[in-house]
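> Could you have a look at this structure, given as structure tokens, before my questions?
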DNA sequence: ATTAATCGGGTTGTCAGACAGCCTGCGGGC
DNA sequence: GCCCGCAGGCTGTCTGACAACCCGATTAAT
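Protein chains in written order, with our numbering: chain A, 3 to 245; chain B, 3 to 245.
Quick look at the structure:
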């Protein structure tokens, strides 16, 4: 077997992980296959065995490989993975990003419904404060768009907190922060168009209102309306092109 | 700082990861804090530095800690995590499991809507075959419940495949296989009640029908109806108690 | 006295070698 | 033909070492 040689980048183990996972993705390594021994990999990559071990330990951590003492390391079945992780390249492609957005939206929508049943007065106050921040941001010609963008993220997080589902919150925070990393510039340009920002705020205000009323069905509907629209608005932008 | 001592369990590095993450969860380690040096951790845990390094490399892999050469390793901010992972303990608690189920359902519901727009004749055939397997399973008094359970999982996976969102598929497969691990026995008992199984099959048949019609709104509605009901049926079981 | 250069200790990242415990596969004895 | 034992290879762990790096303190220069 042959792996992409590595070029002293950020971290040796990380390079090896990348090399192995890409070999896996390319189908060169298939579930059930045995990896070369650590020694063999070490010499092939030109590194010490400790480095290879560190790389393999990460793959084990994700359930991508399983190792047996005295035998070797094996590629696990796909359904045995124990972590959900998105490779940084996914965020570079427009199509992938929109898919991730849909994934996130699905969770956010359900969480909004839960929030409508678990809300307290303090929760509502918090969300209304975020809405106010959005409205204030419109007037701020300098950093208004950035403030709006941040406020939108905070609203999502606030809703997830209200829903009292820490797994959903963790998931949303993780996926959202990574999306935000790549999307900030485009999204900021988007909200710079004041009429779009006003529409978005109005949508979110209705969502908060539904949560306030304790109406999960309406919360779900309003959440879907806003977050799907937001994704659509992003998708429609010509400058949000494939990279 | 004091960490839980470890007792030669499954894997030394894994124990250390568990010890560190539990310290993090308990609030003893907070974002921005510096970890003890690898040497210090090694002596404290009574292991070699390589073992500690392997543990820390896993935490780095998840974005939970970041290390700087010549300085040390630091707990990262929560929003810097790059992996979504559920600790095995979560699946032991009834409440946690239901939350995870809601998380999964949110994704499945959105994915069903996408599937309704992307379906092909072959996809429909596949899903109808799975439905047939469910109906056949009712007659099988020996392994019928197990067959039904597996078929339900396959239907979810099939829908995710149709929707052409590999991230959602990965997510669902991961969370579902872990839920299934803990839930199989209860779910199997559930579907043993034939009238419940018949209801569930009917619900899923309507979902498939909506996908076949290419009606995303209906698909969403039917999906929510079935999967929320399924979660409710599980929650209602008295023997699905806290462990 | 203030600033600049230097030095030393501590830390991570990597390397090399070693050994225990385990497993597989082969060959020899029955 | 079947079973036992052994050798070799593998993973898991340990030990010691060194380079590169960072920080703080001490020292030197202005």
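By construction, the Cβ of each residue, glycine as well, lies at the ideal position given by its N, Cα and C atoms.
1) What does residue 173 of chain A touch in chain B if you count any residue whose Cβ is under 8 Å from its own?
2) On the DSSP letters alone, give me the boundaries of the beta strand (DSSP E) that residue 69 of chain A sits inside.
3) Kindly indicate which three-state DSSP category residue 18 of chain A falls into: helix, strand or coil?
4) Could you name the residues of chain A that residue 95 of chain B contacts, counting a contact when the two beta carbons are closer than 7 Å?
5) Short of 7 Å in beta carbon distance, which residues of its chain neighbour residue 164 of chain A, apart from the five on each side in sequence? Order them along the chain.
6) Tell me, please, whether the CB atom of residue 252 of chain A is closer than 8 Å to any CB atom in chain B?
7) Pick out whichever of A:223, A:207, A:232 has its Cα sitting closest to the Cα of residue 112 of chain A.
8) Using the rule of at least 16 other Cβ atoms within 10 Å of the residue's Cβ for burial, across every protein chain shown, is residue 90 of chain A buried or exposed?
9) Can you tell me whether DSSP reads residue 74 of chain B as helix, strand or coil?
10) With a Cβ-Cβ cutoff of 8 Å, do residue 78 of chain A and residue 65 of chain A count as a contact?
11) State the start and end residues of the unbroken alpha helix (DSSP H) segment that holds residue 121 of chain A.
12) So which residues of chain A does residue 30 of chain B contact, with C-beta pairs closer than 7 Å?
13) Measuring only the C-alpha atoms, how far is residue 105 of chain B from residue 204 of chain A?
14) Excluding the 5 residues preceding and the 5 following residue 230 of chain A in the sequence, name in chain order all residues of the same chain whose CB lies nearer than 7 Å to its CB.
15) Nearest-angstrom Cα distance between residue 233 of chain B and residue 147 of chain B?
16) Is any beta-carbon of chain A found at less than 8 Å from that of residue 81 of chain B?
17) One question on the structure: do residue 59 of chain B and residue 21 of chain A come within less than 8 Å of each other, judged by their Cβ atoms?
18) Would you say residue 15 of chain B faces chain A, with C-beta separation under 8 Å as the test?
19) Taking one C-beta from the region 205 to 214 of chain A and one from the region 125 to 142 of chain A each time, how about it: are there three or more such pairs within less than 8 Å?
20) Is the distance from the Cβ of residue 178 of chain A to the Cβ of residue 158 of chain A below 8 Å?
21) Return the CA-CA distance between residue 136 of chain A and residue 210 of chain A, expressed in angstroms with no decimal places.
22) Within the same chain, show all residues whose beta-carbon is closer than 7 Å to that of residue 173 of chain A, passing over the 5 residues directly before and after it, in chain order.
23) Is any beta-carbon of chain A found at less than 8 Å from that of residue 55 of chain B?
24) What is the rounded straight-line gap between the Cα of residue 99 of chain A and the Cα of residue 166 of chain A?
25) On the premise that residue 37 of chain A lies in contact with residue 85 of chain A, defined as a C-beta separation below 8 Å, what is that separation, rounded to the nearest angstrom?
26) Give the straight-line distance between the Cα atoms of residue 43 of chain B and residue 31 of chain A, rounded to the nearest whole angstrom.
27) In the DSSP assignment, find the unbroken beta strand (DSSP E) run with residue 87 of chain B in it and report its ends.
28) Taking the C-alpha atoms as reference points, what is the distance between residue 199 of chain A and residue 215 of chain A?
29) Is residue 55 of chain B helix, strand or coil by DSSP?
Based on what the coordinates show:
1) 86, 105
2) 67 to 70
3) helix
4) Per Cβ cutoff of 7 Å: no residues; residue 95 of chain B is ~12 Å from chain A at best.
5) 117, 120, 121, 125
6) With chain A running from 3 to 245 in the structure shown, residue 252 of chain A is simply not present.
7) A:223
8) exposed
9) strand
10) yes
11) Here residue 121 of chain A belongs to no alpha helix (DSSP H), and DSSP marks it neither H nor E.
12) Neighbours of residue 30 of chain B on chain A: none; closest Cβ ~18 Å, over 7 Å.
13) 27 Å
14) 107
15) 17 Å
16) yes
17) no
18) yes
19) yes
20) yes
21) 13 Å
22) 109
23) yes
24) 27 Å
25) Not really, about 19 Å apart at Cβ, beyond 8 Å.
26) 36 Å
27) 85 to 87
28) 24 Å
29) helix
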